[in-house]
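Residues 9 to 319 (the working numbering) make up the sequence shown, in order. We put the CB at the ideal spot given by N, CA and C, even for glycine.
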Amino acid sequence: MIKAKIEDRGQEDFLKSLPDDSKDVYLLSGGQVRLTLVSATHIVNQMKANQRTGLLETYVLGQAYIAGLLLTSTIKGDDRVQLTIECGGPIKGISVEAWAAGAVRGYLMENPIHLSTPLKSLDTSLLFGPGFLTVSRVLEGSKEPVSGTVMLQYGNIAKDLAVYFDESEQTPTLFYISLSFDREGHVKGAGGLFIQAMPGCTDEVLESLSRKAEHLGDLGEAISRGQGGDDYIAANFADYGAQKLSSSFVAFSCPCTREHFQSYLAKLPAKEKEEILAGAFPLVLECFNCGTTYSFTRQEVESLFDTEDRK
């Protein structure tokens, strides 16, 4: 992956003033609840630069990136989780993949999102329409991913993920995702919460947290002011005796390389190679997952094809 440059100098300087992105995990109420907090302002800004997204696309895909990172609290080691949405609305769908180690990547099926009429609010249900949400855990050493699918009920990633956990895993959860923009459309703060009931959690604690969720401080705005996870938890969950379990670095990252695309080109069928050589150069290939483009001259492509044909 090649990181695209964030062109706005003011935004670049602002991002340098913020702490690194992170994933912080806490226990609440004597271990009855696990809370994961993700700070992802740098990630969403780099995603915006790499995927060349506008404000609306950044808002939707940024939420999915944060959701993917929150879901990594359910895996470990070299495991990864895939969040996929297939839908009939203007966005068509989303594909995001996140690793337990903290990397995340992904893309919109439609970028830019084509709308027949301008949105009058940030109600994303109109963008998704009818569809399905799938969560897949790709566990180290397993041949097949462990997957579950639910029908979209809200067209809202946070709410539909809560539906997924309730229906597919019978676990009461709450997701909260927040992105804060300035008047120029720059992302100033981005983050999310994943609150999950542990075995033995009482109804009283769940009801209390449900009420608390209705009055949470704006996480994106808090992050934009440089507030860390510990400060946010102290300000919003002081009554729940938060115990911090871990803190780890998270980042927008993709394992794609120029060498990977060279190998892909070399192994193409003969007919497709002929079509490429008959086309225009340079040949530009794009990784959908991170937006990185790799350019190849005619000489490079002919050399790749010749080398493979001689094997």
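Let me confirm a value: Cys30 is counted as buried when at least 16 other C-beta atoms fall within 10 Å, else exposed. Which label applies? Along the sequence shown, read from residue 1 onward, the residue named residue 30 stands at position 22. Inspection of the sequence shows that residue 30 is occupied by Ser rather than by Cys. By the neighbour-count rule (16 or more Cβ atoms within 10 Å), Ser30 is buried.
Would a C-beta distance cut-off of 8 Å place Asn164 and Thr132 closer than the cut-off? The residue labelled residue 164 in the question sits at position 156 within the sequence shown. The residue labelled residue 132 in the question sits at position 124 within the sequence shown. Yes, these two residues count as a Cβ contact at 8 Å.
Helix, strand or coil for Ala57? Go by DSSP, reduced to three states. Within the sequence shown, numbered from 1, the residue matching residue 57 stands at position 49. Assigned with DSSP and collapsed to three states, Ala57 falls in helix.
Which of helix, strand or coil DSSP assigns to Lys100: Numbered from 1 along the sequence shown, position 92 holds the residue referred to as residue 100. Three-state result, Lys100: coil.
Give the range of the beta strand (DSSP E) segment to which Phe189 is assigned. Here residue 189 refers to the residue found at position 181 when the sequence shown is read from its first residue. For Phe189, the enclosing beta strand (DSSP E) starts and ends at 181–189.
Can you look up Phe245 in the DSSP assignment and give me helix, strand or coil? On the sequence shown, position 237 is the one that residue 245 refers to. If DSSP states are grouped into helix, strand and coil, Phe245 belongs with coil.
Rounded straight-line distance, which links the Cα of Phe257 to that of Tyr184: Reading the sequence shown from its first residue, position 176 is the one you call residue 184. Reading the sequence shown from its first residue, position 249 is the one you call residue 257. Straight-line Cα distance between these residues: approximately 20 Å.
From Phe140 to Pro98, what does the alpha carbon distance come to, in whole angstroms? Here residue 140 refers to the residue found at position 132 of the sequence shown. Here residue 98 refers to the residue found at position 90 of the sequence shown. So the alpha carbons of these two residues sit roughly 14 Å apart.
Look at the Cβ atom of Gly200, then the Cβ atom of Val46, and state whether they are nearer than 8 Å. In the sequence shown, residue 200 corresponds to position 192, counting from 1. In the sequence shown, residue 46 corresponds to position 38, counting from 1. In contact: Gly200 and Val46 (Cβ atoms closer than 8 Å).
Using CA coordinates, which residue listed in Gly76, Ala242, Ile102, Lys281 is at the minimum distance from Thr315? Locating residue 315 in the sequence shown gives position 307, counting from the first residue. With distances taken between Cα atoms, Thr315 lies closest to Lys281.
So the beta strand (DSSP E) Tyr115 belongs to, where does it begin and stop? On the sequence shown, residue 115 is found 107 positions in, with the first residue counted as 1. Segment 111–116, the beta strand (DSSP E) holding Tyr115.
Runs of 4 residues minimum, wholly inside the region 198–282: which ones carry the alpha helix (DSSP H) assignment? Fully enclosed alpha helix (DSSP H) runs of 4 or longer: 211–221, 227–232, 237–244, 266–274.
Is the beta carbon of Phe202 less than 8 Å from the beta carbon of Thr44? In the sequence shown, counting from the first residue as 1, residue 202 sits at position 194. In the sequence shown, counting from the first residue as 1, residue 44 sits at position 36. In contact: Phe202 and Thr44 (Cβ atoms closer than 8 Å).
In or out: Gly287 buried (at least 16 other Cβ within 10 Å) or exposed? Numbered from its first residue, the sequence shown carries residue 287 at position 279. By the neighbour-count rule (16 or more Cβ atoms within 10 Å), Gly287 is not buried but exposed.
Could you check what DSSP says for Ile83 in three-state terms: helix, strand or coil? Indexing the sequence shown from 1 puts residue 83 at position 75. Here Ile83 carries a coil assignment [DSSP, helix/strand/coil].
Please list, in chain order, all residues of the same chain as Gly76 whose beta carbon is under 6 Å from its beta carbon, the five residues on each side excluded. Position 68 of the sequence shown holds residue 76. By the criterion of a C-beta distance shorter than 6 Å, Gly76 is surrounded in its chain by Leu91, Val104, Ala106, Val112, once the five residues flanking it on both sides are discounted.
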